Amino acid sequence: MADEVDTNYTVNTQVNGADTAPQIALISQYVKDLSFENPNAPACYQWPDQPQIDVQFNIGADKVGEEVLEVSLKIEVKAVAPQGTAFAVELLYAALFGMRNVPEDQIQPFMLAEAPRLIFPFARRVLADAIRDGGFPPLLLDPIDFGALYLQQAQQMETTAGEPAGHA
Numbered sequence: 305m306a307d308e309v310d311t312n313y314t315v316n317t318q319v320n321g322a323d324t325a326p327q328i329a330l331i332s333q334y335v336k337d338l339s340f341e342n343p344n345a346p347a348c349y350q351w352p353d354q355p356q357i358d359v360q361f362n363i364g365a366d367k368v369g370e371e372v373l374e375v376s377l378k379i380e381v382k383a384v385a386p387q388g389t390a391f392a393v394e395l396l397y398a399a400l401f402g403m404r405n406v407p408e409d410q411i412q413p414f415m416l417a418e419a420p421r422l423i424f425p426f427a428r429r430v431l432a433d434a435i436r437d438g439g440f441p442p443l444l445l446d447p448i449d450f451g452a453l454y455l456q457q458a459q460q461m462e463t464t465a466g467e468p469a470g471h472a
């Protein structure tokens, strides 16, 4: 039998026996709430006008355990034609992330920029399927640059914080 050579290498990230490397892992993702309304069916399928599509989204984050965070992406879509509402969809899509040894100043950017970027494609598919299953062409949302939105919001907060308070 030939001699075996151990080709497994490990990187030692332990200091004084403690694992101190920052770690983030996606634990699970899921539909937390989904609502589809088609209030004018079957008449809406006969309407000659294209509905106007309004899309709103919101990001939420909650600590649900010692090292576990839930990040949720709420997407609301409403399609309205002159004749009335064609459809309305609300989706709350969430994911659990385990975090260990992450610097405090990096948690919020992760929760509000990187985590939504990771789960958005899955939420987009659920939304498109729900709309298609409601009898409409699937709505494929354009990708969203959550990082740029986070930076923009952070700059607005910084600017607002620097302004003097208004007089009552």
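Using the working numbering, the first residue of the sequence shown is number 305, and each one after it goes up by one. Backbone N, C-alpha and C define an ideal beta-carbon position, used for all residues, glycine too. Bear in mind the structure is a predicted one, so any value in this text is a computation, not a measurement.
Asked	Found
Asp353 in three-state terms, based on DSSP	coil
The stretch 340–350 / the stretch 375–394 touching (three or more Cβ pairs under 8 Å)	yes
Distance, Glu462 Cα to Ala419 Cα	23 Å
Nearest-angstrom beta carbon gap, Leu396 and Asp337 [assumed within contact, 8 Å]	4 Å
The stretch 360–379 in contact with the stretch 398–406 per 3-pair CB rule at 8 Å	yes
In DSSP terms, what Val359 is bridged to	Val381
Alpha carbon of Leu422 to alpha carbon of Ala452, nearest angstrom	15 Å
Residue of Pro413, Gln456, Ala345 and Ala325 minimising C-alpha distance to Ala365	Pro413
Simplified DSSP state of Leu330, which is helix, strand or coil	strand
DSSP three-state assignment for Ala452, whether helix, strand or coil	helix
Pairwise C-alpha distance: Gln354 and Val368	43 Å
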